[in-house]
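A.B. asks: Structure incoming, see below.
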Amino acid sequence: MKAVLCKEFGPAESLVLEDVASPVIKKNEVLLDVHAAGVNFPDTLIIEGKYQFKPPFPFSPGGEAAGVVREVGEKVSHLKVGDRVMALTGWGSFAEQVAVPGYNVLSIPSTMDFNTAAAFSMTYGTSMHALKQRANLQPGETLLVLGASGGVGLAAVEIGKAMGARVIAAASSAEKLAVAKAAGADELINYSENSLKDEIKRLTDGQGADVIYDPVGGDLFDQAIRAIAWNGRLLVVGFASGRIPELPVNLALLKGAAVVGVFWGSFAQRQPQDNAANFQQLFGWFAEGKLKPLVSQVYPLSNAAQAINDLGQRKAVGKVVVQVR
30 MKAVLCKEFG PAESLVLEDV ASPVIKKNEV LLDVHAAGVN FPDTLIIEGK YQFKPPFPFS
90 PGGEAAGVVR EVGEKVSHLK VGDRVMALTG WGSFAEQVAV PGYNVLSIPS TMDFNTAAAF
150 SMTYGTSMHA LKQRANLQPG ETLLVLGASG GVGLAAVEIG KAMGARVIAA ASSAEKLAVA
210 KAAGADELIN YSENSLKDEI KRLTDGQGAD VIYDPVGGDL FDQAIRAIAW NGRLLVVGFA
270 SGRIPELPVN LALLKGAAVV GVFWGSFAQR QPQDNAANFQ QLFGWFAEGK LKPLVSQVYP
330 LSNAAQAIND LGQRKAVGKV VVQVR
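Here it is, written out as structure tokens:
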């Protein structure tokens, strides 16, 4: 089979496309014929040795995939050969086949194509877990989404609306905000032109945002925590800006606020039943038309490096997908 390989830590340009042996599955795994793979921010980190996990060389990047089950391990009971599925792989999806633990594989609705499925699991899984389990977002609360035109940001806008929140979308350009508006955002903040903190307070009559969804970090975190509501929750989702911020904890004290970590991958493994319930709700909203995943660019497997670069340079709107078949 063909696979995009990382043989040493470095930039995306160092990745190579080669023929390798097909994976041999363990008893608790399935073998997936990959049709499409989602591209996510962790892919930009894992190839440079900057992610939480450092796979042994050579490895393929790609943390999520969609495709068809080719083989099922004897300890996997909820899947069968031929099932159309999405999978959280961690790495390995930029290849024609990948072995995945059964607990990380979910069947997809018949109305969902593979490119959409490859763009769905990580972004919507992360945002659903963040807003439901971690923030306990309530109808009528104000949700601020930073980086609102990116994959997880757009998912958070849509899920926030589905949960009954008033959603304020924040992004760096009018073009990106237009995408967030189309996804259902009620209010918009262009933080390249205006003070994020001042705009949050203006749009909330000085009360601040009840829940802040932050996949960006850096300076935006510094401003957002200063405009959080009493009993507010700031969700730490990622650090796309490149700087991991530090929190003056007196700010949390003064607002009775919580700064809450979001690690969906670990949640999916530790609480698989809760994760499955989340996806049943997400699939229901998808069927109702409340969730409309935006796949803005599709790259062939041979051009996976460019896909990672475009995402890392924050050029992408919505999700980027590598089409394998």
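For the sequence shown, our numbering begins at 30 and goes up steadily by one. Idealized CB from N, CA, C, for every residue including glycine. Fair warning: this is a prediction, and the values are worked out from it, not measured in the lab.
How would you call Gly285, buried or exposed, if buried means at least 16 neighbouring beta carbons within 10 angstroms?
C.D. replies: Looking at its Cβ environment, which holds fewer than 16 other Cβ atoms inside 10 Å, Gly285 is exposed.
A.B. asks: Since Ala164 and Val240 are thought to touch, with beta carbons under 8 Å apart, how far apart are those beta carbons, to the nearest angstrom?
C.D. replies: Right, the Cβ-Cβ distance comes to about 5 Å (below 8 Å), so this counts as a contact.
A.B. asks: If we ignore side chains and look at the alpha-carbon of each, how far apart do Tyr80 and Phe86 end up?
C.D. replies: So the two alpha carbons sit approximately 15 Å from each other.
A.B. asks: Give the DSSP-derived three-state secondary structure of Ile257 in the structure shown.
C.D. replies: Strand at Ile257.
A.B. asks: Mind checking which residues open and close the beta strand (DSSP E) that includes Gln167?
C.D. replies: Per DSSP, Gln167 belongs to no beta strand (DSSP E) and is neither H nor E.
A.B. asks: By a C-beta neighbour count over all protein chains shown, 10 Å radius and 16 as the cutoff for buried, is His64 buried or exposed?
C.D. replies: His64 is buried by the Cβ-count criterion.
A.B. asks: May I ask you to verify whether the segment 177-189 touches the segment 316-335, counting CB pairs closer than 8 Å and requiring at least 3?
C.D. replies: These segments touch.
A.B. asks: In the DSSP output, which residue or residues are listed as bridge partners for Leu31?
C.D. replies: It should be pointed out that residue 31 corresponds to Lys in this sequence rather than to Leu. Asp48, per the DSSP bridge assignment.
A.B. asks: Would Val353 and Glu125 qualify as a contact pair, given that the criterion is a beta-carbon distance under 8 Å?
C.D. replies: Contact: yes.
A.B. asks: Can you give the Cα-Cα distance for Phe292 and Lys210, rounded to whole angstroms?
C.D. replies: Going from the Cα of Phe292 to the Cα of Lys210 covers about 27 Å.
A.B. asks: Note the first and the last residue of the continuous beta strand (DSSP E) segment covering Ala194.
C.D. replies: Element bounds for Ala194: n/a, residue is neither H nor E.
A.B. asks: Leu175 and Gly182: beta carbons closer than 8 Å?
C.D. replies: Taking 8 Å as the Cβ cut-off, Leu175 and Gly182 qualify as a contacting pair.
A.B. asks: Check whether the segment 262-269 and the segment 225-236 are in contact - that is, three or more C-beta pairs closer than 8 Å.
C.D. replies: The answer is no - the segment 225-236 does not touch the segment 262-269, with fewer than three Cβ pairs under 8 Å.
A.B. asks: Counting only runs of 4+ residues fully inside the segment 96-159, write out the alpha helix (DSSP H) ranges in chain order.
C.D. replies: The segment 96-159 contains these whole alpha helix (DSSP H) runs: 143-147, 150-158.
A.B. asks: Helix, strand or coil: which one does DSSP assign to Asn355?
C.D. replies: Nothing in the structure corresponds to residue 355, since the chain is present only between 30 and 354.
A.B. asks: Short of 8 Å in beta carbon distance, which residues of its chain neighbour Leu135, apart from the five on each side in sequence? Order them along the chain.
C.D. replies: Correct list, in chain order: Val114, Met115, Ala116, Ser150, Ala305, Phe308.
A.B. asks: What number of angstroms, rounded off, separates the C-alpha of Ser375 from the C-alpha of Leu283?
C.D. replies: Outside the displayed span of the chain (30 to 354) sits residue 375, for which this structure offers no information.
A.B. asks: So, using beta-carbon positions, are Glu42 and Asn69 closer together than 8 Å?
C.D. replies: Cβ atoms of Glu42 and Asn69: not closer than 8 Å.
A.B. asks: To the nearest angstrom, how far is the alpha carbon of Ala199 from that of Leu217?
C.D. replies: Their backbone Cα atoms lie some 6 Å apart in a straight line.
A.B. asks: Counting only C-beta atoms, is Gln298 closer than 8 Å to chain D at any point?
C.D. replies: Among the chains of the structure shown, chain D does not appear; only one protein chain is present.
A.B. asks: Verify whether the separation of the beta carbon atoms of Ala258 and Ala238 is less than 8 Å.
C.D. replies: In this structure, Ala238 lies closer than 8 Å to Ala258 by Cβ.
A.B. asks: Just to confirm before moving on: does the CB-CB distance between Ala334 and Leu44 stay below 8 Å?
C.D. replies: Yes.
A.B. asks: Going straight from the alpha carbon of Leu279 to that of Arg255, what length do you get?
C.D. replies: It is worth fixing the name first, because residue 279 is Asn in this sequence and not Leu. Answer to the nearest angstrom: the Cα atoms are 11 Å apart.
A.B. asks: What residue range is occupied by the uninterrupted alpha helix (DSSP H) comprising Pro301?
C.D. replies: 301-316 is the extent of the alpha helix (DSSP H) around Pro301.
A.B. asks: When you compare only the Cα positions, how much space is there between Asp62 and Ala177?
C.D. replies: The straight-line gap from Cα to Cα measures roughly 32 Å.
A.B. asks: Taking its Cβ as the centre, do 16 or more other Cβ atoms sit within 10 Å of Thr155, making it buried, or is it exposed?
C.D. replies: Its Cβ being crowded by 16 or more others within 10 Å, Thr155 is buried.
A.B. asks: When DSSP labels each residue in this structure, what does Lys321 get in the three-state scheme?
C.D. replies: Residue state, collapsed to three classes: coil.
A.B. asks: Is the beta carbon of Val196 less than 8 Å from the beta carbon of Val346?
C.D. replies: For Val196 and Val346, no; Cβs fall outside 8 Å.
A.B. asks: Please state the DSSP three-state secondary structure of Asp72.
C.D. replies: Three-state DSSP puts Asp72 in a helix.
A.B. asks: Looking at the secondary structure, which residues open and close the beta strand (DSSP E) in which Ala238 lies?
C.D. replies: Taken as a continuous stretch (DSSP letters only), the beta strand (DSSP E) holding Ala238 covers 238-243.
A.B. asks: Can you tell me the Cα-Cα spacing of Ser295 and Arg343, whole angstroms?
C.D. replies: Cα to Cα, the separation comes out at about 25 Å.
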